[in-house]
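First the structure, in the form of structure tokens, and then the observations on it.
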Amino acid sequence: MLLGFIVNPIAGMGGRVGLKGTDGVYDEAVNRGANPVSTEKARIGIESLVDDHAETLTNVTWLTCKGKMGEDVLLEAGIQKESINVVYAASSQKLKNFSTNDTINACKQFLYEDVDLLVFCGGDGTARDVVSIVGKKIPILGIPSGVKMHSGVFVVTPHAAGPMIAQFIADELSTGDAEIMDLDETLYRQGTWKVRLYDTAQGIIEPSYVQVGKASFAQINDDEIKDDIADHIEEELKKHEHTLFLFGSGGTIDYVADKLGIENTILGIDAVYQGRTIAKDANEKDLLSLLSKYDDVKVILSPIGAQGFILGRGNLQLSSAVIRKIGIDNIIVISTPAKLKATPVIRVDTGDSSLDEAFVEYEMMLVVIGYRMSRVVKIKSV
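The following block contains the structure:
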């Protein structure tokens with residue numbers, strides 16, 4: 007069996023520094039102190055295959071790209087060198103020189119070689135580049151590493167890649183249509199959330215491990231319910247007047263902030279103290295600085311509709327270091343019942359397996375669904 011493997015080495019770099027993406031802003035990301043994250047996530051995904059499903063790899067040949075775009079990750083994860091065939095080399099291994107064209111050219115080679123499955127590591131932008139070449143001709147599977155991951159081809163966490171690939175090799179899974187979604191990063195940085203369907207890929211069907219595309223939900227009295235949630239949050243702010251509150255991203259939180267007269271960045275992380283916004287669109291460095299000044303901190307989050315993620319999708323500024331300082335007990339999750347109806351579990355992907363496991367050990371999280379009303383929602387282990 008032939009498996010194609012490609013890593014976008016700069017995917018996700020813009021997240022922790024508040025850029026909401028890395029497409030076209032690599033230099034600015036570096037200037038803000040961003041570090042590469044995708045190679046580590048890719049390594050985790052392949053390592054989960056090598057460590058737990060080595061028996062499936064006997065007759066597998068990996069077609070990949072030179073260096074940081076795949077070869078290095080496979081070797082570090084334990085894939086034998088004789089099983090690796092480099093079919094594409096970027097003109098330079100310097101991160102600043104990697105581009106969309108490298109992904110596209112590599113995928114052309116994978117298509118020519120007729121791989122059985124193409125595994126990539128990146129975000130929605132990478133998924134778009136991949137499917138622009140392979141279409142539905144080759145099944146694709148994404149290891150999540152971008153800032154934006156709304157498409158239905160990604161495993162829910164890097165660790166889930168191992169069992170997914172193993173089951174595919176063993177011919178235990180079927181394929182079907184998967185939506186390729188993406189957010190306009192230019193508009194995103196300006197505070198406008200515009201997600202649209204770009205294409206349809208041939209994805210792998212396994213609901214426990216593969217995320218569905220982001221969904222938006224509405225119901226007749228949705229605003230009334232959000233008003234009730236806002237009243238609940240207002241009460242929390244008054245009750246904890248000496249606590250710093252971090253407001254997460256998304257439409258529900260933006261509505262609540264607006265109702266309370268709090269200046270808010272719909273697609274960023276804002277810090278609020280005693281009803282006043284003291285930091286807007288904060289990046290990881292900003293947040294860690296704030297946490298060193300305030301003893302009591304809470305963060306308000308809302309799950310992505312259908313997917314259930316409260317961390318690791320669109321809010322990478324809330325890194326594992328930030329969350330560890332805040333503490334899991336100081337996370338307030340809010341959602342309308344309509345959204346929760348199609349979001350049966352809460353998921354986290356902090357990039358820190360021990361922290362993710364700490365969440366899972368809680369088994370359940372309380373989600374505020376109205377004024378002094380909560381629902382218990384399961385945290386699912388992947």
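My numbering applies: residue 7 is where the sequence shown begins, and numbers increase by one. C-beta: ideal position from N, C-alpha, C; glycine also. Quick caveat: nothing in here was measured; it's all calculated off a predicted structure.
Look at the Cβ atom of residue i, then the Cβ atom of residue j, and state whether they are nearer than 9 Å.
i	j	result
Asn270	Phe253	yes
Val93	Cys71	yes
Pro350	Val383	yes
Val79	Val162	no
Gln313	Gly274	no
Ala277	Tyr261	no
Val121	Leu203	no
Pro150	Arg319	yes
Gly158	Thr132	no
Leu307	Leu317	yes
Ile171	Thr249	no
Phe104	Ile16	yes
Arg330	Asp358	yes
Ala348	Gly311	yes
Considering Cα atoms alone, identify which of the options is closest to residue i.
i	options	result
Lys74	Asn111, Thr64, Thr45, Gly148	Thr45
Thr356	Leu123, Pro15, Lys47	Lys47
Leu346	Pro309, Ser360, Asp302, Leu361	Pro309
Phe11	Gly18, Pro145, Ile329	Pro145
Met7	Ala83, Leu124, Arg353	Leu124
Lys265	Leu273, Ile275, Ile231	Ile231
Leu293	Ala263, Leu317, Val328	Val328
Val305	Pro150, Asp335, Lys291, Ser180	Asp335
Ser180	Val339, Gln208, His248	Gln208
Ile284	Glu290, Leu317, Ile268	Ile268
Gln115	Thr106, Ile139, Gly129, Ser105	Ile139
Ser341	Asp233, Lys245, Tyr300	Asp233
Asn65	Ala176, Glu82, Leu317, Val339	Ala176
Ala96	Ile90, Ile332, Cys113, Glu82	Cys113
Arg378	Val339, Asp135, Met187	Val339
Met370	Ser54, Ile385, Leu117, Gln99	Ile385
Leu55	Glu290, His165, Lys299, Ile272	His165
Tyr368	Tyr300, Gly333, His238	Gly333
Phe315	His156, Asp58, Ser89	His156
Quickly, what does DSSP pair residue i with across the bridge? List them, please.
i	result
Ile146	Leu124
Gly209	Gly182
Ser380	Val374
Thr45	Looking at the DSSP assignment, Thr45 forms no beta bridge with any residue, so it has no partner.
Ile90	Trp68
Arg134	The partner list for Arg134 (beta bridge, DSSP) is empty, contrary to what the question assumes.
Tyr279	Leu250, Arg282
Lys304	Phe251
Phe315	Arg353
Ile272	Beta-bridge pairing links Ile272 to no other residue.
Leu324	Bridge partners of Leu324: none, in fact.
Leu203	Met187
Ile385	Ile352
Expressed to the nearest angstrom, what Euclidean distance is found between the alpha-carbon atoms of residue i and residue j?
i	j	result
Leu9	Thr67	6 Å
Ala224	Ala344	Legend: pLDDT at Ala224 = 41, less than 50; position of this residue unreliable, value from coordinates given subsequently. The alpha-carbon atoms of Ala224 and Ala344 are separated by roughly 7 Å.
Ala167	Arg381	31 Å
Thr206	Glu240	42 Å
Gly182	Arg282	48 Å
Ala184	Ser255	25 Å
Thr258	Ile52	36 Å
Asp108	Ile85	23 Å
Lys244	Arg353	29 Å
Ala60	Gln173	12 Å
Ile210	Val303	40 Å
Ile50	Gly76	13 Å
Gly129	Gly18	7 Å
Tyr118	Val366	42 Å
Lys286	Ser326	20 Å
Val43	Asp135	19 Å
His238	Ile272	20 Å
Glu88	Asp57	18 Å
Ala288	Asn91	43 Å
Ile226	Asp362	At Ile226, the pLDDT of 40 sits below 50, so the modelled position is not reliable; the number obtained from the coordinates is stated separately. Ile226 and Asp362: Cα-Cα distance of roughly 35 Å.
Glu178	Phe160	18 Å
Would you mind reading off the limits of the beta strand (DSSP E) that contains residue i?
i	result
Ile340	337-340
Val79	Segment 77-83 is the alpha helix (DSSP H) holding Val79; no beta strand (DSSP E) there.
Hey, quick one: how far does the alpha helix (DSSP H) through residue i stretch, first residue to last?
i	result
Gly10	From DSSP, Gly10 is part of no alpha helix (DSSP H) but of the beta strand (DSSP E) over 8-13.
Lys265	257-265
Gly168	167-175
His238	228-245
Glu369	Careful: Glu369 lies outside any alpha helix (DSSP H) and carries neither H nor E.
Gln115	106-119
Lys345	343-347
Asp292	290-297
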